[in-house]
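Scroll down for the structure; my scribbles are underneath it.
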Amino acid sequence: MRALRYLSTRGQAPAAGLGEAIAAGLAPDGGLYVPERLPTIAPAAFEPHGDLAATAATLLAPFFAGDPLADALPAICAEVFTFDAPLRPLARPDALLLELFHGPTAAFKDFGARFLAACLRRLRDKDAPPLTVLVATSGDTGAAVGAAFHGQTDVRVAILYPDGRVSPRQAHQLGSFGGNVQALRVAGSFDDCQRMVKAALNDARLQREVPLSSANSISLGRLLPQMSYYAHAALGWWRRHGTPLQFIVPTGNLGNALACLWARAMGLPIGEVRLACNANATLPEFFAGGDYRPRGAVATIANAMDVGAPSNFERLRWTWHGDDDALRRALRADGFDDATLRATLLRHAREHGELVCPHTAAALAVLDREPACDGRAWAVVATAHPAKFETVLEPLLGRPVAVPPALGAMLHRPSQAAPMPAEDGSLMQWLRTPGCPDGRTDAWNEPS
0 MRALRYLSTR
10 GQAPAAGLGE
20 AIAAGLAPDG
30 GLYVPERLPT
40 IAPAAFEPHG
50 DLAATAATLL
60 APFFAGDPLA
70 DALPAICAEV
80 FTFDAPLRPL
90 ARPDALLLEL
100 FHGPTAAFKD
110 FGARFLAACL
120 RRLRDKDAPP
130 LTVLVATSGD
140 TGAAVGAAFH
150 GQTDVRVAIL
160 YPDGRVSPRQ
170 AHQLGSFGGN
180 VQALRVAGSF
190 DDCQRMVKAA
200 LNDARLQREV
210 PLSSANSISL
220 GRLLPQMSYY
230 AHAALGWWRR
240 HGTPLQFIVP
250 TGNLGNALAC
260 LWARAMGLPI
270 GEVRLACNAN
280 ATLPEFFAGG
290 DYRPRGAVAT
300 IANAMDVGAP
310 SNFERLRWTW
320 HGDDDALRRA
330 LRADGFDDAT
340 LRATLLRHAR
350 EHGELVCPHT
360 AAALAVLDRE
370 PACDGRAWAV
380 VATAHPAKFE
390 TVLEPLLGRP
400 VAVPPALGAM
410 LHRPSQAAPM
420 PAEDGSLMQW
430 LRTPGCPDGR
440 TDAWNEPS
């Protein structure tokens, strides 16, 4: 099998191998790496009784062919996919919930973060200087990346999050690691955090001084493995029912939704894919026929989707060969304000006993608009455990939300984050002089 090359969405960077693209995070021209073509794979190629790790290894093999990481792919998948992504029936007979929150930080980001960490461990030269992994987070990504890399002595992680715009439990998770993982609370929005990370990654002089990579969904090492749970769920449904499975995906930065669309483009039995958004209107306006118009993020109760300039839109356009009209015909995005999300949360909890996070509520709101029993089955993608959003759910429900054990353990650890202005130069200066809130320069080496 010929090795795939990986190109920049902006077309001004040299082609790279997969390992090189994963290690870099962002292409040198500021674009996002994409395969020169999406490979295809028949459903019959998958082991009928294989687990999620086996599905992932088969699905991702064409992307890894010819790369130094190829021989390690089965071991990487076995190391990463150690928890399930179950399909659970909902009260509505044609609908299911794809639960992606059974990992160590109770969010779907655990799959991609663990995969990226496993790849980078194998790519690292033992004599190379420490690598600093930058991650901008609107809630869940940072904790997943922190957990995946925590304790790895040759990798440092800097987590940037918008101060006051993540839930208290999310903020506690982000600052609970210590050691080689440092949290930075930025006085701005997620888009500011994302801009700061991209500026650092694009600064060649800084890269020579402080080797950098990214762990956001701009990284192929995060994006590719996310296709696996869509493939696994769709294959299981297809084998039992002989029909494709439709997905409703909560989305902000478009990485999770893009993974589903790429899996479908590869030939997996996936039907319609719908995007569920919050009050941030960039995507709903575009898919309704407007121009693509990035803008500042709006703070909502579904904070992980508070994105006004979704990075993966570049990859989405590439997938449709830059044809915006064709892209609009192929997809639809629905946006919901906080009042609608709260009403959806409360109604599904009271009427059906279905307790979900605010992001998943956006997907349920899309489902509520669909006609029932039209012959299609819908999978609502549940992106995070509801206990991470107790300040939204508990006042609404009038009762506490049970905390899963892994999340509870993190919440019992001390937590600390350094303040940072929403300025590109502030992050670059911090990276050149690693420290922590009290100014010490040995913070990276603190014991956990």
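Residue 127 in numbering that gives the first Met the number 0 is what sits at position 128 of the sequence shown, and the numbering runs on without skipping anything.
Using N, Cα and C, we set each Cβ at its ideal position, and we do this for glycine too.
Within the same chain, show all residues whose beta-carbon is closer than 6 angstroms to that of residue i, passing over the 5 residues directly before and after it, in chain order.
i	result
residue 180	145, 149 and 156
residue 65	2
residue 193	135
residue 418	184
residue 233	244, 267, 268 and 269
residue 14	4 and 6
residue 263	269
residue 452	Here the chain comprises residues numbered 0 to 447, so residue 452 is not present and cannot be evaluated.
residue 329	none
residue 343	360, 363 and 364
residue 420	186
residue 53	46
Would you say residue i and residue j are within 8 angstroms of each other, going by their C-beta atoms?
i	j	result
residue 296	residue 189	yes
residue 395	residue 345	yes
residue 286	residue 378	no
residue 137	residue 306	yes
residue 320	residue 356	no
residue 413	residue 105	no
residue 112	residue 78	no
residue 351	residue 20	no
residue 221	residue 115	yes
residue 71	residue 123	no
residue 213	residue 409	no
residue 187	residue 224	no
residue 143	residue 173	no
residue 103	residue 405	yes
residue 108	residue 152	no
residue 76	residue 44	no
residue 198	residue 423	yes
residue 242	residue 376	yes
residue 348	residue 354	yes
Between which residues of its own chain and residue i is the CB-CB distance below 8 angstroms, once the five residues before and five after are set aside?
i	result
residue 250	256, 274, 275, 276, 282, 304, 309 and 332
residue 446	Interpretation of residue 446 is limited by its pLDDT of 38, a score under 50 that renders its predicted location unreliable; the figure taken from the coordinates is listed afterwards. Correct list, in chain order: 177 and 178.
residue 291	281, 285, 312 and 323
residue 437	For residue 437, the predicted model reports a pLDDT of 37, less than 50, meaning its position is unreliable; a value from the coordinates is still stated below. For residue 437, where only same-chain residues beyond five positions count, there are no Cβ hits under 8 angstroms.
residue 325	319
residue 12	6, 26, 27, 28 and 30
residue 205	199, 211, 427, 430 and 431
residue 248	255, 256, 259, 272, 273, 274, 275, 362 and 380
Could you pull the DSSP bridge partners for residue i from this structure?
i	result
residue 245	377
residue 130	154
residue 462	Nothing about residue 462 can be reported from this structure: the residues present for the chain run from 0 to 447 only.
residue 225	BP columns for residue 225 are empty, so no partner.
residue 428	BP columns for residue 428 are empty, so no partner.
residue 33	6
residue 181	157
residue 448	The displayed coordinates of the chain run from 0 to 447. Any statement about residue 448 would go beyond what the structure contains.
residue 269	244
residue 417	183
residue 15	5
residue 119	Answer by DSSP bridge pairing: none, since residue 119 is not bridged.
residue 213	133
residue 22	None, per the DSSP bridge assignment.
Would you please state the rounded distance, in angstroms, between the beta carbons of residue i and residue j? I believe it to be under 8 angstroms.
i	j	result
residue 381	residue 400	In fact, because the Cβ distance is near 14 angstroms, the residues do not count as touching under 8 angstroms.
residue 133	residue 196	5 angstroms
residue 278	residue 334	6 angstroms
residue 18	residue 92	Not really, about 46 angstroms apart at Cβ, beyond 8 angstroms.
residue 38	residue 63	Going by Cβ atoms, the distance from residue 38 to residue 63 rounds to 11 angstroms, so no, they are not a contact pair.
residue 168	residue 302	The pair is not a contact, with the Cβ atoms about 12 angstroms apart (cut-off 8 angstroms).
Enumerate in chain order the residues of its own chain whose CB-to-CB distance from residue i is below 7 angstroms, with the five nearest sequence positions on each side excluded.
i	result
residue 58	40, 226, 227 and 230
residue 87	95, 96 and 98
residue 448	Beyond the ends of the chain as shown, which are 0 and 447, falls residue 448; an answer cannot be given.
residue 444	Because the pLDDT at residue 444 is just 42, under 50, the model does not fix this residue reliably, and the point stays unresolved.
residue 314	8, 31, 33 and 257
residue 260	272 and 318
residue 218	21, 24 and 115
residue 202	427
residue 293	281, 307 and 308
residue 73	56
residue 338	none
residue 60	72
Next item on the list: Report yes or no: do the region 199 to 216 and the region 232 to 242 share at least 3 C-beta pairs separated by less than 8 angstroms?
Entry: Because the criterion of three Cβ pairs below 8 angstroms is not met, the region 199 to 216 and the region 232 to 242 do not touch.
Notebook entry, point to check: Can you find at least 3 beta carbon pairs, one from the region 97 to 116 and one from the region 64 to 83, that sit closer than 8 angstroms?
Noted result: yes
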